[in-house]
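Numbering (this note's numbering), first residue to last: 367 to 463.
Now the structure itself:
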């Protein structure tokens, strides 16, 4: 599976687009961690201490959230101003020759 590129990535810049690969790897690492924790929890009996807590999940998720928030807060740059229309040069039709 490849990392999706951000929407309208032409204005995002190379650093941000390259960072999407890093963020994608962070997501897959989080999902792998969560799968490990769920497998550990499934192996435990109901009366045993939990393999992980919701506080641990939130702490791991906050790392992802900060990474994506930085990207989502990046504002699209303003388009360059339109060039002013060129006014035709005034011709001297009333001038003597």
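Think of the CB as a built atom: it goes at the ideal place given N, C-alpha and C, for glycine as much as any other residue. Only a predicted model underlies this, so the values are computations on that prediction, with no experimental measurement involved.
Assuming the contact rule is C-beta atoms closer than 8 Å, residue i and residue j should be a hit. Round their C-beta distance to whole Å, please.
i           : j           : result
residue 427 : residue 389 : So it is not a contact: roughly 13 Å between Cβ atoms.
residue 430 : residue 396 : 6 Å
Please name the residue, chosen from the options, that lies closest to residue i on a Cα-to-Cα basis.
i           : options       : result
residue 385 : 449, 446, 438 : 438
residue 405 : 393, 422, 418 : 418
residue 421 : 411, 412, 400 : 400
residue 440 : 446, 432, 411 : 432
Quick check on the DSSP output: the alpha helix (DSSP H) that includes residue i runs from which residue to which?
i           : result
residue 472 : For the chain, the structure presents residues 367 to 463; residue 472 sits outside this window and is missing.
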